[in-house]
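Read the structure below first, then the notes.
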Amino acid sequence: ADIRRKLEELQNDHIRPIGHRLFPSILRLGIVAGLESLADDYGAELPIDLQVGKQLRDREQASRRFLPDNVKLALYRIAEESLANILKHTPAAKNIVVKLSLSNGRILRLEVSDDGGGFDTASPANGIGLAIISDYAAAAGGSYAVKSIPGKGTRVRAQVPLPGLEAGQMSRGQLSG
Numbered sequence: 133a134d135i136r137r138k139l140e141e142l143q144n145d146h147i148r149p150i151g152h153r154l155f156p157s158i159l160r161l162g163i164v165a166g167l168e169s170l171a172d173d174y175g176a177e178l179p180i181d182l183q184v185g186k187q188l189r190d191r192e193q194a195s196r197r198f199l200p201d202n203v204k205l206a207l208y209r210i211a212e213e214s215l216a217n218i219l220k221h222t223p224a225a226k227n228i229v230v231k232l233s234l235s236n237g238r239i240l241r242l243e244v245s246d247d248g249g250g251f252d253t254a255s256p257a258n259g260i261g262l263a264i265i266s267d268y269a270a271a272a273g274g275s276y277a278v279k280s281i282p283g284k285g286t287r288v289r290a291q292v293p294l295p296g297l298e299a300g301q302m303s304r305g306q307l308s309g
């Protein structure tokens, strides 16, 4: 009985929290709920304007299974990493926008922008956060781009095709604009 109690404690105190960190349970309610949760979490320290396109919101309300878990997780983690970078490097930013939309009914577009200090994208010191964003975008079959101007702010854009869209149908060129 003592061993069973210890195993239950181990599961509740250590293993379950790891699982929640790997795939946040809020994502079971959808990517919109996940982004709303992130905006709430970071909202105490950052002024976040969350904008979700009507087409995406409607599709997700019709079916929470509209997006596969790997796509929801990738978009969530990209937004999370972008907000963490803003908090770490430009906490004085006044205008932070997190925008998620569905383009042409086929491509999810996530954009996180701020009016903070910006940075030199060519600097090797800016590697780990962007590498994380790149990895999550690639894991979902998508791509990303970063535009930053020192003293003006930063914009991270990621796009992920809906399942069924062949990889060759989406190119990095679609990120411009």
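Numbers 133 to 309, taken from the numbering used here, label the letters of the sequence shown in order.
A virtual CB, placed ideally from N, CA and C, is assigned to each residue, including glycine.
- Item | Simplified DSSP state of S214, which is helix, strand or coil | By 1-based counting over the sequence shown, the position of residue 214 is 82. Three-state result, S214: helix.
- Helix, strand or coil: how does DSSP classify S169 here? Taking the first residue of the sequence shown as position 1, residue 169 is located at position 37. Helix.
- Query: DSSP three-state call for L178: helix, strand or coil?
  - Reply: The count along the sequence shown starts at 1 and reaches residue 178 at position 46. Looking at L178 - three-state DSSP - the assignment turns out to be coil, as it is neither helix nor strand.
- Item | Beta carbon of L170 nearer than 8 Å to that of R196 | Working through the sequence shown from its first residue, we reach residue 170 at position 38. Working through the sequence shown from its first residue, we reach residue 196 at position 64. In this structure, L170 lies away from R196, with their beta-carbon atoms at least 8 Å apart.
- In terms of alpha-carbon separation, which member of G273, R136, Y174 and V229 lies closest to V288? Counting from 1 along the sequence shown, the entry for residue 288 is found at position 156. The shortest Cα separation from V288 among G273, R136, Y174 and V229 belongs to V229.
- When burial is assigned at 16 or more other CB atoms within 10 Å of the CB, is E213 buried or exposed? By one-based count along the sequence shown, residue 213 stands at place 81. By the Cβ-count criterion, E213 is buried, with 16 or more other Cβ atoms from all chains shown falling within 10 Å of its own Cβ.
- Task: Report buried or exposed for E140, applying the criterion of at least 16 other Cβ atoms within 10 angstroms of its Cβ.
- Result: Taking the sequence shown and counting its residues from 1, one reaches residue 140 at position 8. Flag for E140 reads exposed.
- Please specify which runs of the alpha helix (DSSP H), each continuous and at least 4 residues long, are wholly inside the segment 207-276, giving them in chain order. As for any alpha helix (DSSP H) of minimum length 4 sitting wholly inside the segment 207-276, the runs are 259-271, ordered along the chain.
- Message: In the DSSP output, what is G285 paired with across the bridge?
- Response: Numbered from its first residue, the sequence shown carries residue 285 at position 153. According to DSSP, G285 shares a beta bridge with I281.
- Given Y208, which residues of its chain have a CB within under 8 Å of its CB, disregarding the five upstream and five downstream residues? Taking the first residue of the sequence shown as position 1, residue 208 is located at position 76. Here the set comprises P156, L159, I163, G166, L167 and L170.
- Query: Thinking C-beta only, is L262 closer than 8 Å to L219?
  - Reply: Taking the sequence shown and counting its residues from 1, one reaches residue 219 at position 87. Taking the sequence shown and counting its residues from 1, one reaches residue 262 at position 130. No, they are not a contact pair.
- Query: Hey, how far is the Cα of S266 from the Cα of K279?
  - Reply: Here residue 266 is taken as the residue at index 134 of the sequence shown, counted from 1. Here residue 279 is taken as the residue at index 147 of the sequence shown, counted from 1. Each residue's alpha carbon lies about 14 Å from the other.
- Item | Between the CA atoms of R136 and Q306 - distance to the nearest angstrom | Within the sequence shown, the letter at position 174 stands for residue 306. Within the sequence shown, the letter at position 4 stands for residue 136. Bear in mind that the predicted position of Q306 carries a pLDDT of just 42, short of 50, making it unreliable; the figure below should be weighed with that in mind. Taking the straight line joining both Cα atoms gives about 55 Å.
- Message: Mapping the DSSP letters down to three states, classify A290 as helix, strand or coil.
- Response: By one-based count along the sequence shown, residue 290 stands at place 158. A290 falls in the strand class under three-state DSSP.
- Message: So if DSSP puts Q187 in a beta bridge, which residue, or which two residues, is it bridged to?
- Response: Your numbering for residue 187 matches position 55 in the sequence shown. Partner(s): none; Q187 has no beta bridge.
- Consider the Cβ of E177: report whether some Cβ of chain D lies at a distance smaller than 8 Å. The chain labelled as chain D is not found in the depicted structure, where only one protein chain is given.
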